[in-house]
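Counting from 42, one number per residue, gives the positions in the sequence shown under my numbering.
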Amino acid sequence: MTETKRGGLALHWLMLIGFAVGLGGGLIVNLTLGADTGWVVWLTDNVTGPLGQIFLRLLFMMVIPLLFSALVVGVAEMGDLSSLGRAGIKTLVLTILVSSIAVVIGLVMVNVFQPGRGVDPVLAQQLLEQGRDGAAGIVRGAPETIQLGDFFLELIPSNVFTAAAENQILPVMVFALFFGIGLVMAKSPATDRLQQVIEGLFEVTMKLINLFIKLAPIAIACLMFNLAALFGWDLLVRLAAYVGVAVGAMAIHMFVVYPLVIWILGGRSPIAFFKGVREPMVVAFSTASSNASLPVSLKAAEEELKLPRKIARFVLTVGATANQNGTALFEGVTVLFLAQFFGVDLTITQQVIVMLVCILGGIGTAGVPAGSLPVVAMILVMVKVPPEGIGLILGVDRFLDMCRTTLNVTGDLVLATVVSRGEEDDAVEADDVVPVAPPA
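This is the structure we're talking about:
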């Protein structure tokens, strides 16, 4: 991820300053005057509220083109069956499997520890009603109850253009997934040109998102002022709990799931694996950038892990844009945390829908600067949670970005190791790896 700068300061520092200014001003108002004071109400209704909503609507505007183009391109690149055969299929299947595990871990952690509970329910309900009114018509909400057969039926759009016009996000994502698979199966010069057009759409969409994200420091200040003026110190306590749960979930995935995948599916020693990928992990954490980590990951895969060059380059390059366990986990934890914060009880059906969107969103927005923001905001509206809550998350996003980028980059190397097993074995010297027989 390239750091955008304004006036010599990196964007994440400007976002932190906006967070601090908004939080500080909101806390002062909460402790001295109260959020219902006349001029405070006027300020939130006519200045800070509209400015925050403009930022959110700019993100919503890009949801459909971003998710469609990113998902199609990600799947088309991942499933390059003509050049890599079964390796492409293994990459796709393992990406979905490991991302699913990541999201489930995040959802379980949030349900167990309830980091968003504890704020004044009256205040939460007040902002909840405002959020529902402001988000009306942006994204169709997820149903609270639905039969299993109807649930799967709803995933397949009878008319994708109608689904897109009505902002039915999940059916559009499923269509994009199949469209990407179709691009792979119908490989020809014509489909190559079509893929280039969709890649162009993705680049334009990301250019606009990068443009809109420059408004984030101002938007965060406005959103945080509104939230802090209303909730006071409860905001900081819940925020600390959210960070703790998010980091804890990422740690479980990193130090429990990844070693098991390496041991069982990769047939290697987890200790030897982590020893070989120390440098990419450090670079990923320090830069919070999958792109900056890619050259170091390629070097570690070939020199430390002794993976076949062809497989490693394919999987790691695709993984930098499509295999994002940390991003999927982060999105799931964030949506459920904010739902708890605003007192929205999500049913099992709604949580399953959140999980599916996060899994597909992990493929569709991976490796993209600020690419997860439209997805998170869109899911919040789907489950009838005020999208203004995203300002709370953006204030601590830099640290969480460092953590989830480390998880993403390590996951790419895990995926490359597993996919490489049985592929071009002659390119791997047995003396350089420490195989461990998986348990029966």
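Beta carbons are placed, not taken as given, at the ideal position from N, Cα and C, and that holds for glycine.
- Every alpha helix (DSSP H) of 4 residues or more that sits fully in the segment 290-327 is shown, in chain order, as 299-305, 311-317.
- Judged by beta-carbon spacing, LEU256 lies within the 9 Å limit of LEU99, meaning their Cβ atoms are closer than that value.
- Separation of ALA290 and VAL298 (C-alpha to C-alpha, rounded to the nearest whole angstrom) is 11 Å.
- For LEU211, the closest alpha carbon among the candidates ASN366, ILE312, VAL149, PHE109 is that of PHE109.
- Between ILE420 and the set GLU195, LEU97, GLY285, PHE60, the nearest pair of CA atoms involves LEU97.
- When the five nearest sequence neighbours on each side are left out, the beta carbons in the same chain lying within less than 7 Å of the beta carbon of VAL144 are those of ALA369, LEU370, GLY373, MET396, CYS399, ILE400, in order along the chain.
- Comparing C-alpha distances from THR390 to each of VAL424, VAL416, ALA361 shows the shortest one belongs to VAL424.
- The shortest CA-to-CA distance from GLY452 to any of GLY384, VAL376, ASP438, PRO311 is the one to PRO311.
- Put simply, of ILE137, MET265, ALA333 the residue whose alpha carbon is nearest the alpha carbon of THR446 is ALA333.
- For a cut-off of 8 Å, the C-beta gap from ARG350 to GLU344 is around 11 Å, too long to register as a contact.
- In this structure, the beta-carbon distance from ALA287 to THR375 falls below 9 Å.
- Apart from the 5 residues on each side of it in sequence, PRO198 sits with its Cβ closer than 8 Å to the Cβ of ALA204, GLN209, PRO212, VAL213, VAL215, PHE216 in its chain, given in chain order.
- Nearest to LEU57 by C-alpha distance, out of ARG439, VAL422, ILE146, is ARG439.
- Across the structure, MET265 and LEU138 are spaced so that their CA atoms are roughly 36 Å apart.
- Counting only runs that start and end inside the segment 44-114, there is no beta strand (DSSP E) element of at least 3 residues.
- The C-beta of PHE243 has 16 or more other C-beta atoms within 10 Å across all chains shown, which makes the residue buried.
- Under the three-state reduction of DSSP output, SER338 falls in the helix class.
- Our two residues, SER327 and VAL153, have alpha carbons roughly 31 Å apart in a direct line.
- Secondary structure at LYS347: coil, using DSSP grouped into helix, strand and coil.
- Between the C-alpha atoms of LEU52 and VAL356 there is a straight-line separation of about 30 Å.
- Where ARG439 is concerned, the enclosing alpha helix (DSSP H) starts and stops at 438-461.
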